[in-house]
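Before any comments, here is the structure.
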Amino acid sequence: MNTLRALLIGSMVLLLTACGVNPVTGKKELQFVSEAQELAIGAQNYAPTRQSEGGDFGVVPDLTAYINEVGQKLAAVSDRKLPYEFVVLNNSVPNAWALPGGKIAVNRGLLTELKNETELAAVLGHEIVHAAARHGAKAQERGTLLQAGMAAAQIGAAVGGADANVAGLLIQGAGVGAQMIQMTYGREQELESDLYGMKYMKLAGYDPWGAVTLQETFVRLSEQGARSKNWLDGMFASHPPSMERVARNQQTAAELGRGGDVGAERYVARMKPLNDLKPAYDKYDQAVAAARKKDFATARRLATEASTALPREGRFQELLGEVALSEKQPQQAATHYNRAMELNPAYFGSYLGAGVAQMQLGNRAKAEEWLARSTQLLPTAPAAFYLGQIEREKGNLPKALEYYKAAAGSDSAIGQQAAAEFVKIDLPQNPGNYVAAAGQLDAGGQLIVVVQNRSPVVMGEVQVTPVMVDANGTITSQGSAVRIRGPLAAGERTTAATGVALTQAQLPLVRFRVDGARAAQ
Ligand SMILES: [Zn+2]
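The sequence shown begins at 924 in the numbering used here and counts up one residue at a time.
The structure is reproduced here in C-alpha cells:
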C-alpha cells in the first residue's frame, strides 16, 4: 500500500471517531483519541512514569492503601468509570499527576504539606477530573504531546539533564511520561477540574471547603516563593494556582453547601509515620543537592546520617553508591548498590547503579544482568550505553548499534558519547552518511575536492572518487580515488587535488563517491 493511501485511510478512521460528548461536562467535542487509546496510553506509561518520578513509596506501605481508599470514594461518584489507580511516589517535590485513563500519583512531598483528608480529597478529585474530562487526551489531540506515546518504547528517552560528572545516574523529574505530567493545563481546564472535583468531594461526603483552603495555601506559597524551587518544579508547573481559583472555589463551596467530613485527626494520624521520617528525607534532599554541586564529602555525610535514621530506605544507599562512583570507588559503590537492591528491589535506579559499578569492576556478566534488569523497569540512556559497550566487546555489532542509537536519543553527555560510539562502528560501512564532498576548479582548471566531516568523531582518513554523470545522473566516467589523511575534526573542511582537469561547463556534472572513511585512533 502506498503511503498516501495509508494516510487517507488513517485519517478516515480518525474522522469516524471524531465526534463525541465530554463525559464530565456533557459538552460536544471532537475526539480523535478513542477511549481504548486513552486507556492504553495510561496503562503503558503508568509503571515507567512512576519509576522515573522516584518509584513507588514502600517505606510506609499502608500509605498508598490510604490514598487509594480516599481516591476510590471520589472515583465512585465521578462522571466517568475508568480503571482508576492511586499511588504514592518516593519523591520530595510536592506534586500530583494524572495520566489519561485515570492513572494517578501523589508524591510524599505533597502529602506532608496537606492539613486534612478533605484537602487530600481536593487534590485527588481535581486529578480525577483531568483524567475523566480527557484533558491529557486533548493535549495529545492538539499535537502538543505527540512524542509522549513513543517515549515509552524508546530506550534512552528517559534521562534528562543527566550530569556525566555525578556519574549521571540521579534521575529526577524527566523521563518516560514526563511530557504528559509536566504539561501545563490551561486556565479553563484548571477551573473545570476544581469545579467538578468539588462536586465529587461533596458527593463522597467531604467538606468542599477543603478545595478553598488548599488553593489558598498554594497561592500563598507561590507568592512567597517559599520553598519555591520545589513547588515551581512540581505542583505549580502543571497546575498554576491563582486568586481567581480561590474565589471560584469559595463560590462553588457556597453553592454546594459547606459542611461534611474534614478528617483532620484521621489525616494527621495516617500521616504520622511519614512525618516522623521527614527529617531523614530532608537530609537526603540536601545530600542530593550537595552531590550535584560535586561536594561529595557533604553528600556522603548527609546520606549516611539519613541512612542511620532510616536504615530501610534503599534510596539513601543508592545515593551513597552514586557518590562512591563519582569518586571512582566502584567496589564501595557496588556494596551500597547491593544493599539498595535488597531494600528497594522494584526500583530501576538500584540496578542501574549496580550495573555501572560492575562494569567499572570489569565484571561484564553481572553488569549485563543488572543493566538489563534496570532497563526492564525503566529504559535509560546510561543503561543503553553500557549495554552497547558490552555487545560491542562481544562482537555483536548490530545489537551494539541498536543500543548506542537508543542512548544517543537522550540529550545528555552520555547521549553524545553514545552517538560517537555509534558513528565509530557505522562509519566504515556507511561513510557517505558522514562525509560531504563537492568539487571546485582552481585557476589552472584543476578539479579540487572539498571534503567536510559531518560526524561527531575525528576522522583519520577519507577516500573519495570523482565521477562524471550525464543529464540523467548516470555515471559516464570516473577518475582515480583521492585519499585525504586526517586528522579531520568534527565539522572540519579540507581540500585536496584530484588530478583531473575540467572546464567550467563540465563542473556541474561532477559528483564524488565517498568510498571510505575511518575514525582517528
Ligand atoms: Zn490541574
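Each residue gets a CB set at the ideal place from its N, CA and C atoms; glycine is no exception. Computed from a prediction, not measured in an experiment: that's the story for all the values here.
CB of residue i within 8 angstroms of CB of residue j, strictly
{"i": "Thr1426", "j": "Gly1368", "result": "yes"}
{"i": "Val1246", "j": "Gly1362", "result": "no"}
{"i": "Asp1438", "j": "Val1381", "result": "no"}
{"i": "Thr1035", "j": "Lys1201", "result": "yes"}
{"i": "Ala1288", "j": "Ile1337", "result": "no"}
{"i": "Ala1060", "j": "Pro1023", "result": "yes"}
{"i": "Leu1294", "j": "Gly1272", "result": "no"}
{"i": "Asp1184", "j": "Glu1314", "result": "no"}
{"i": "Leu1266", "j": "Arg1235", "result": "yes"}
{"i": "Ala1342", "j": "Phe1435", "result": "no"}
{"i": "Gly981", "j": "Ile1027", "result": "no"}
{"i": "Leu1370", "j": "Pro1389", "result": "yes"}
{"i": "Ala1226", "j": "Leu1248", "result": "no"}
{"i": "Lys1206", "j": "Ala1229", "result": "yes"}
{"i": "Leu1137", "j": "Ala1045", "result": "yes"}
{"i": "Glu1291", "j": "Leu1310", "result": "yes"}
{"i": "Ala1203", "j": "Leu1233", "result": "yes"}
{"i": "Leu1243", "j": "Gln974", "result": "no"}
{"i": "Ala1440", "j": "Pro1354", "result": "yes"}
{"i": "Asn945", "j": "Arg1065", "result": "no"}
{"i": "Ser1378", "j": "Tyr1357", "result": "yes"}
{"i": "Gly1422", "j": "Gly1402", "result": "yes"}
Residues of its chain near residue i, where Cβ-Cβ distance is below 7 angstroms and the 5 sequence neighbours each way are ignored
{"i": "Arg1193", "result": "Tyr989"}
{"i": "Asn1198", "result": "Thr1035"}
{"i": "His1162", "result": "Tyr1108, Glu1113"}
{"i": "Pro1431", "result": "none"}
{"i": "Met1166", "result": "Val1142"}
{"i": "Gln1254", "result": "Leu1284"}
{"i": "Tyr1129", "result": "Thr1041, Ala1044, Gly1183, Asp1184"}
{"i": "Ala1443", "result": "Val1381, Met1382, Gly1383, Gly1409, Pro1410"}
{"i": "Met1264", "result": "Ser1273, Tyr1274, Ala1277"}
{"i": "Gly1186", "result": "Asn1039, Glu1040, Thr1041"}
Chain-order list of residues whose beta-carbon lies under 6 angstroms from that of residue i (same chain, five-residue window excluded)
{"i": "Ser1145", "result": "Phe1159, Pro1164"}
{"i": "Gln1095", "result": "Confidence is the limiting factor: at Gln1095 the pLDDT is only 34, short of 50, which leaves the residue's position unreliable, though a coordinate-based value still follows. Same-chain partners within the cutoff: there are none."}
{"i": "Pro1131", "result": "Met1121, Met1124, Lys1125, Ala1176, Leu1179"}
{"i": "Met1391", "result": "Thr1399, Ser1400, Leu1432"}
{"i": "Glu1050", "result": "Ala1019, Ala1021, Ile1027"}
{"i": "Tyr1190", "result": "Asn1039, Glu1040"}
{"i": "Ser1001", "result": "Ile1051, Ala1055, Tyr1123"}
{"i": "Tyr1119", "result": "Val947, Val1052"}
{"i": "Val1135", "result": "Asn1172, Gln1173, Ala1176"}
{"i": "Asn991", "result": "Phe1009"}
{"i": "Thr1298", "result": "Ala1306"}
Own chain, CB closer than 8 angstroms to residue i, minus 5 neighbours either side, in chain order
{"i": "Ala1404", "result": "Gln1386, Val1387, Thr1388, Asp1438"}
{"i": "Ala999", "result": "Ala1127"}
{"i": "Ala1428", "result": "none"}
{"i": "Lys1347", "result": "Val1380, Ala1442"}
{"i": "Gly1157", "result": "Val1016, Pro1017, Asn1018, Asn1030, Gly1032, Leu1033"}
{"i": "Arg1181", "result": "Asp1130, Pro1131, Trp1132"}
Residue i CB to nearest heavy atom of ligand 2 below 7 angstroms
{"i": "Lys951", "result": "With respect to small molecules bound, the structure shown includes ligand 1 and not ligand 2."}
Neighbour flag for residue i against chain D, beta carbons, 8 angstroms
{"i": "Val947", "result": "You won't find chain D in this structure, because it holds only one protein chain."}
Just checking, does the segment 1012-1019 make contact with the segment 1122-1136 on the three C-beta pairs under 8 angstroms criterion?
no
Contact shell at 6 angstroms, judged by CB to any heavy atom of ligand 1, ordered along the chain
His1049, His1053, Tyr1108, Glu1113, Ser1116, His1162
Report the start-end ranges of each beta strand (DSSP E) in the segment 1138-1224 that is 3 residues or longer and not cut off at the edges.
none
In chain order, what are the residue ranges of uninterrupted alpha helix (DSSP H) at least 4 long that sit wholly in the segment 1007-1057?
1031-1034, 1040-1055
Whether or not the segment 1167-1179 and the segment 942-961 are in contact is what I'm after, with contact meaning three or more pairs of Cβ atoms, one per stretch, closer than 8 angstroms; do they touch?
The segment 942-961 is not in contact with the segment 1167-1179.
Unbroken alpha helix (DSSP H) runs of length 4 or more, entirely within the segment 1351-1376: which are they?
none
Within the segment 1276-1330, ranges of the alpha helix (DSSP H) (whole runs, at least 4 residues):
1287-1300, 1304-1317
Can you list the beta strand (DSSP E) stretches of 3 or more residues lying completely in the segment 1372-1403, in chain order?
Whole beta strand (DSSP E) segments, 3+ residues: 1382-1392, 1398-1401.
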